[in-house]
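Contents: one structure, followed by commentary.
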Amino acid sequence: MIYSQNTLSVKDGAYGYNTDFKLDIHLATDTAIKALQFDLKYDGDNFDYKSTFDLTKSRLGGEDSDHVITVKEVKSGNLRILIYSPSNKVIPNGDGELLKIDFSNTKKYNTYTFELASVVASKEDNTNLSLELKNGNIITLASHVNYIPSFIDLTSIYKDAKPDYEWIIRNDGTDTLNITLSDSKLTKFTLTQWDDKTTPITWPLKILPQNGGTNNIEAKINVRVDSSANGTFEESLFLDSDDPDDSRKGVKEIKFKATVYNENRVIIQ
Numbered sequence: 031m032i033y034s035q036n037t038l039s040v041k042d043g044a045y046g047y048n049t050d051f052k053l054d055i056h057l058a059t060d061t062a063i064k065a066l067q068f069d070l071k072y073d074g075d076n077f078d079y080k081s082t083f084d085l086t087k088s089r090l091g092g093e094d095s096d097h098v099i100t101v102k103e104v105k106s107g108n109l110r111i112l113i114y115s116p117s118n119k120v121i122p123n124g125d126g127e128l129l130k131i132d133f134s135n136t137k138k139y140n141t142y143t144f145e146l147a148s149v150v151a152s153k154e155d156n157t158n159l160s161l162e163l164k165n166g167n168i169i170t171l172a173s174h175v176n177y178i179p180s181f182i183d184l185t186s187i188y189k190d191a192k193p194d195y196e197w198i199i200r201n202d203g204t205d206t207l208n209i210t211l212s213d214s215k216l217t218k219f220t221l222t223q224w225d226d227k228t229t230p231i232t233w234p235l236k237i238l239p240q241n242g243g244t245n246n247i248e249a250k251i252n253v254r255v256d257s258s259a260n261g262t263f264e265e266s267l268f269l270d271s272d273d274p275d276d277s278r279k280g281v282k283e284i285k286f287k288a289t290v291y292n293e294n295r296v297i298i299q
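Residue numbers for the sequence shown follow our numbering, beginning at 31 and rising by one.
Shown next, in the form of structure tokens:
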């Protein structure tokens, strides 16, 4: 991405869930300014401002810089930031990291925008320098397991028939999903790769996140039942995952069911 010569920008980033991280803000100017004020807006429900920050001395003129910063939380999800020098030293022209602000996120995965607004960059002649604002995207990384379906019912099957049933485990999250086998009670049902219908499924499964559509975000599994004997069969598979959501994490029981019966034929002579 190419920025204009006078730009205030938030650097994109990706961080694990329930994690402390530093948000980087950069400043590019072709003219010295004596003070800079701007608002930073973000999702206050899923990010917490930690009330700590670091000014980058090298961007403010080096070790001789006496610049200070004030950060006011106007409301949840809106910070007002002012950078200035008590001795009226300027912020020199240049391009680089201006400051880091400490945040923490939640376990709700998504791509979130950190928006810059209401900027005032005061030049030495008391006019304002026009800055292009570039918002940043911060991704909270977490997996999201989705069993499609969570109850596999092959319904009624003729004796000795071998129909194929497609079962999908999908990752709807933003981080790699790991599925582990806790226990298997399957004796009548077999699980194989959907593509060839013969290669057994091995655990654990690792399913990548979508990340812009370049990854395969699901495991396609072929389910068959041993139909050599009549009866109604119901068995269970117990799977665990690293999905952090309270409603989805932990060992989950996946049930498989099928009814096998003789084919009744009426012969008319």
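Backbone N, C-alpha and C define an ideal beta-carbon position, used for all residues, glycine too. None of these values were measured; they are calculated from a predicted model.
Exercise. Distance, Cα to Cα, phenylalanine 133 vs tyrosine 79?
Worked result: Residue numbering aside, residue 133 sits at position 103 when the sequence shown is read from its first letter. Residue numbering aside, residue 79 sits at position 49 when the sequence shown is read from its first letter. As the crow flies, the alpha-carbon of phenylalanine 133 is around 5 Å from that of tyrosine 79.
Exercise. Which two residues bound the contiguous beta strand (DSSP E) that contains glycine 261?
Worked result: Taking the sequence shown and counting its residues from 1, one reaches residue 261 at position 231. It spans 261 to 271 - the beta strand (DSSP E) in which glycine 261 sits, taken as one unbroken run.
Problem set entry | Nonlocal neighbours in the same chain, by C-beta distance under 7 Å from glycine 280, ignoring five residues either side | Residue numbering aside, residue 280 sits at position 250 when the sequence shown is read from its first letter. The answer, listed in chain order, is Asp270.
Problem set entry | asparagine 201 classed as buried or exposed, judged by whether at least 16 other C-beta atoms fall within 10 angstroms | On the sequence shown, residue 201 is found 171 positions in, with the first residue counted as 1. So asparagine 201 counts as buried.
For this session: Just tell me which of Asp50, Leu66, Phe51, Thr49 has its CA closest to the CA of leucine 57.
Result: Residue mapping note: residue 57 aligns to position 27 of the sequence shown, counting from 1. Comparing Cα positions, the closest option is Leu66.
Exercise. Among the residues of its own chain, which have a CB less than 8 Å from the CB of asparagine 118, if the five just before and after it don't count?
Worked result: Residue numbering aside, residue 118 sits at position 88 when the sequence shown is read from its first letter. Result list for asparagine 118: Lys64, in chain order.
For this session: Out of Tyr47, Leu129, Gly92, point me to the one whose CA is closest to isoleucine 55's CA.
Result: The residue you call residue 55 lines up with position 25 of the sequence shown. Checked all of Tyr47, Leu129, Gly92; the closest Cα to isoleucine 55 is Leu129.
Problem set entry | Nearest residue (CA-CA) to serine 29, options Lys192, Lys189, Trp197 | Since the displayed the chain opens at 31 and closes at 299, residue 29 lies outside it and no answer follows.
Problem set entry | Cα-Cα separation, isoleucine 99 to leucine 90 | Within the sequence shown, the letter at position 69 stands for residue 99. Within the sequence shown, the letter at position 60 stands for residue 90. Looking at the two C-alpha atoms, the distance is approximately 12 Å.
For this session: Please confirm whether aspartate 205 and tyrosine 142 have their CB atoms less than 9 Å apart.
Result: One-based indexing of the sequence shown puts residue 205 at position 175. One-based indexing of the sequence shown puts residue 142 at position 112. Not in contact: aspartate 205 and tyrosine 142 (Cβ atoms no closer than 9 Å).
Exercise. How would you write the range of the beta strand (DSSP E) that tyrosine 72 sits in, first residue to last?
Worked result: Position 42 of the sequence shown, counted from the start, is the residue given in the question as residue 72. It is not in any beta strand (DSSP E) - tyrosine 72 carries neither H nor E in the DSSP assignment.
For this session: Could you confirm whether any beta carbon from chain D is found closer than 9 Å to the beta carbon of alanine 62?
Result: Absence of chain D from the displayed structure is noted, only one protein chain being present.
Exercise. Whose C-beta lies closer than 7 Å to the C-beta of alanine 172 among residues of the same chain, with five residues either side of it excluded?
Worked result: Residue mapping note: residue 172 aligns to position 142 of the sequence shown, counting from 1. Apart from sequence neighbours up to five positions away, the residues of its chain that approach alanine 172 with a beta-carbon distance below 7 Å are Tyr47, Lys137, Tyr139, Gly203, Thr204, Asp205, Pro274, ordered along the chain.
Exercise. If you draw a straight line from the C-alpha of leucine 184 to the C-alpha of glutamine 223, how long is it?
Worked result: As a working mapping, residue 184 is identified with position 154 in the sequence shown. As a working mapping, residue 223 is identified with position 193 in the sequence shown. Taking the straight line from one Cα to the other gives about 17 Å.
Problem set entry | Buried versus exposed, by CB contacts within 10 Å (16 or more), serine 95 | What you label residue 95 is simply residue 65 of the sequence shown in a count that begins at 1. Flag for serine 95 reads buried.
Exercise. If we call anything under 9 Å between Cβ atoms a contact, is histidine 97 one with isoleucine 113?
Worked result: Along the sequence shown, one-based indexing puts residue 97 at 67. Along the sequence shown, one-based indexing puts residue 113 at 83. Yes.
Problem set entry | Beta-bridge pairing of serine 39 - partner residues as DSSP gives them | By one-based count along the sequence shown, residue 39 stands at place 9. Per DSSP, His56, Lys164.
For this session: Kindly indicate the opening and closing residues of the beta strand (DSSP E) around aspartate 151.
Result: Within the sequence shown, residue 151 is the residue found at index 121, counting from 1. The question names aspartate, yet the displayed sequence has alanine at residue 151. Membership of alanine 151 in the beta strand (DSSP E) is indicated by the continuous run 140 to 153.
For this session: Mind checking who proline 230 pairs with in its DSSP beta bridge?
Result: Residue mapping note: residue 230 aligns to position 200 of the sequence shown, counting from 1. Proline 230 is bridged by DSSP to Thr222.
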